[in-house]
Amino acid sequence: MTNPATTDTVDHWVGGKSWTGESTRATPVYDPALGSAQRSVRMATSADVSVAVKAAAAAFPEWRDSSIASRHRFLLNFRELLNARRDELAQIVTAEHGKVLSDAAGEIARGLEVVEFALSMPHLLKGEFSQNASTGIDVFSVREPVGVVGIISPFNFPAMVPLWFFPIALAAGNAVVLKPSEKDPSAANWLAALAAEAGLPDGVLNVVHGDKEAVDALLTHPEVAAISFVGSTPIAEHVYRTASANGKRVQALGGAKNHMLVLPDADLGLAADAAVNAGFGSAGERCMAVSVVLAVDTIADQLVEAIAERMAKLRTGDGRRGCDMGPLITREHRDKVAGYLDTAVEDEARLVVDGRDATIDGEPDGFWLGPTLIDQVPVTSSVYRDEIFGPVLSVVRVSGFEQGVELINSSPYGNGTAIFTNDGGAARRFQRSVQVGMIGVNVPIPVPVAYHSFGGWKASLFGDSKAYGTNGFAFFTQEKAVTSRWLDPSHGGIDLGFPRND
Ligand code: NAD
817 MTNPATTDTV DHWVGGKSWT GESTRATPVY DPALGSAQRS VRMATSADVS VAVKAAAAAF
877 PEWRDSSIAS RHRFLLNFRE LLNARRDELA QIVTAEHGKV LSDAAGEIAR GLEVVEFALS
937 MPHLLKGEFS QNASTGIDVF SVREPVGVVG IISPFNFPAM VPLWFFPIAL AAGNAVVLKP
997 SEKDPSAANW LAALAAEAGL PDGVLNVVHG DKEAVDALLT HPEVAAISFV GSTPIAEHVY
1057 RTASANGKRV QALGGAKNHM LVLPDADLGL AADAAVNAGF GSAGERCMAV SVVLAVDTIA
1117 DQLVEAIAER MAKLRTGDGR RGCDMGPLIT REHRDKVAGY LDTAVEDEAR LVVDGRDATI
1177 DGEPDGFWLG PTLIDQVPVT SSVYRDEIFG PVLSVVRVSG FEQGVELINS SPYGNGTAIF
1237 TNDGGAARRF QRSVQVGMIG VNVPIPVPVA YHSFGGWKAS LFGDSKAYGT NGFAFFTQEK
1297 AVTSRWLDPS HGGIDLGFPR ND
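Counting from 817, one number per residue, gives the positions in the sequence shown under my numbering.
Next comes the structure, spelled out in structure tokens:
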């Protein structure tokens, strides 16, 4: 298998092999820690996307009709190969995304969990049966695949987000066209080639690279039945509206601004560790990153001091050098995030740790910004309101529980939130009061395990289905209910062999 991250150009993957398509457009792919383009990626035209969709549509009937046993075997093989070669994939993720190697390994581990969950497919695809619903009449329902599924993923989890969706879509018997982020495209090709090695028939999983043109082609293509999208809120909304208007089933997961409320009775050491981990892991480029700490006035000074102390020990630099935090994804994004530091000063917040002063263990041209802590951020400031998506942790001081919950609920987003407290009653009241999809109690990044589903509320999710878990199987299948009456029982003749599953 060729490592796509060692080629000069990242091609599409269609019909079980690399494919150049007809487009002459390409865009550079950077190593953010080096700050230089390493290769380019092809940008599909809508005609290219159509070729990929046709390949998926052609492969679909045979895959749909394949036995559960054979699809299960494919997934087992895929799981074994991915597990054995996860370090190779982590290197690719770090080289194009910039996150440190241990973090890249972490996203692959979470993706593997979804593959392992998808192995429950024989059980989850079982239908329901009502014997003798009426005299002599049985009723049963079965789950069938929806057809060709389009998956559009963001830059920040180039391996995990595709793995949230395609293993379940394939387990359920669908064919897939995946459009990963053009900023770190190679992981998707690597996964598709691995699936081929694991025995997936050609055309069942395809990868097209590109931007708006490719995405819009998927959203409007008559042979695409469903769209799973993860990215920023404005694009999620566009995807939801366009794909629904074109008759597709859609789940579109959007952006976030996650708050962590720290009550006075919390273990402040634990809370400070959590704020640092969840604020600066992956340079804050996580939809479940904590970007606002809501500190109750009485403990705020102590908490800010504890967070700053811990930040002083973080090493920012090349993810291959054992650092804690890597660069941002592009120079433009780095500059945009750094711009919020000026805004913070203009808005009279207190810049406690300025990431622009950080010592960097990496090449000078990398897209660096060190961890930043801003205290006393006014809630009117764009530093508080915007999803910054960088290593910037804001502290907002609140009078107590009620004001904290009020702020959380006034955010347009509802992805994740956490409370730090030793009061079980307060934690329970918090969990019941917040309008947020994923909640942590003394857990800063409450990403549900693969057998629960992942998704936010409000502007963090358009559509009514979350990712993976049982929601994933429901999204990628449609139900058929059969009412049947047999007047004359029959049998299948004589065969003394032991029954087999083929
Ligand atoms: P993005 O919205 O810029 O891009 C996501 C995908 O949409 C990419 O494949 C991109 O090529 C495509 N795209 C970009 N512009 C488009 C346009 N105008 N029309 C059609 N398609 C377009 O997001 P990103 O910067 O890659 O990722 C970061 C964002 O994703 C953050 O907002 C983050 O919160 C969000 N995110 C959310 C979740 C979640 O589960 N809710 C998970 C990860 C990331």
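Quick reminder that beta carbons are idealized off the backbone N, C-alpha and C, glycines included. The model shown is predicted, which means the values in this text are computed figures rather than measured ones.
As computed with DSSP, V1066 is found in a beta bridge with I1043. Using a Cβ-Cβ distance cut-off of 8 angstroms, the region 1056-1075 and the region 1266-1284 are in contact, since at least three pairs of beta carbons, one from each stretch, lie closer than that value. In this chain, the alpha helix (DSSP H) harbouring T1049 covers 1049-1061.
A contact is defined here as three or more CB-CB pairs under 8 angstroms, and the region 959-972 fails this definition with respect to the region 1248-1264.
Short of 6 angstroms from the beta carbon of F971, and not among the five residues preceding or following it, lie these beta carbons of its own chain, in chain order: S997, K999, D1000, I1145.
Around the Cβ of T822, a 10 Å sphere holds fewer than 16 other Cβ atoms; the residue is exposed. Secondary structure within the region 1210-1276: the alpha helix (DSSP H) runs of 4 or more consecutive residues, fully enclosed, are 1217-1226, 1240-1249 (chain order).
For A1008, the CB contacts under 8 angstroms within the same chain, skipping 5 residues up- and downstream, are W829, L994, L1021, N1022, V1023 in chain order. Put simply, the backbone Cα of P1228 is about 13 angstroms away from that of S1048.
Per DSSP, A849 has no beta-bridge partner at all. Inter-residue distance for I1043 and I967 is about 6 angstroms (C-alpha atoms, whole angstroms). Annotation for S1060: V1066 place their beta carbon closer than 6 angstroms to its own, counting only its chain and skipping 5 residues before and after. Per DSSP, the beta-bridge partners of S946 are V955. Contact check for A1124 and L1189: beta-carbon distance about 6 angstroms, within the 8 angstroms limit, so the pair qualifies. The beta-carbon separation of M1076 and V1109, rounded to 5 angstroms, stays under the 8 angstroms limit for a contact.
Assignment of beta-bridge partners to P844 by DSSP yields S856. When the Cα atoms are used, L850 and V1214 turn out to be separated by approximately 41 angstroms. R1316 has its alpha-carbon roughly 53 angstroms from the corresponding atom of F1236.
The DSSP-derived three-state label of D1177 is strand. A contact is defined here as three or more CB-CB pairs under 8 angstroms, and the region 929-948 fails this definition with respect to the region 1010-1019. E1295 and G952 have their C-alpha atoms spaced approximately 23 angstroms apart.
Within the same chain, V909, E923, S1098, A1099, E1101, G1135, G1142 come within 8 angstroms of K915 by CB-CB distance, once the 5 residues on both sides are set aside. E1218 and D954 have their C-alpha atoms roughly 54 angstroms apart. The Cβ atoms of L1167 and E1013 lie no closer than 8 angstroms to each other. Counting C-beta pairs closer than 8 angstroms gives three or more between the region 833-847 and the region 859-867, which meets the contact rule. Under DSSP, N899 shares a beta bridge with no residue. Between A1033 and S866, the gap from beta carbon to beta carbon is short of 8 angstroms. CA-CA distance, H888 to V977, rounds to 21 angstroms.
Note on W1302: under 16 other CB atoms within 10 angstroms of its CB, so exposed under the neighbour-count rule. Per DSSP, R1150 is one residue of the alpha helix (DSSP H) stretching across 1147-1162.
Distances taken from the Cβ of H913 to the heavy atoms of the ligand NAD include none shorter than 7 angstroms.
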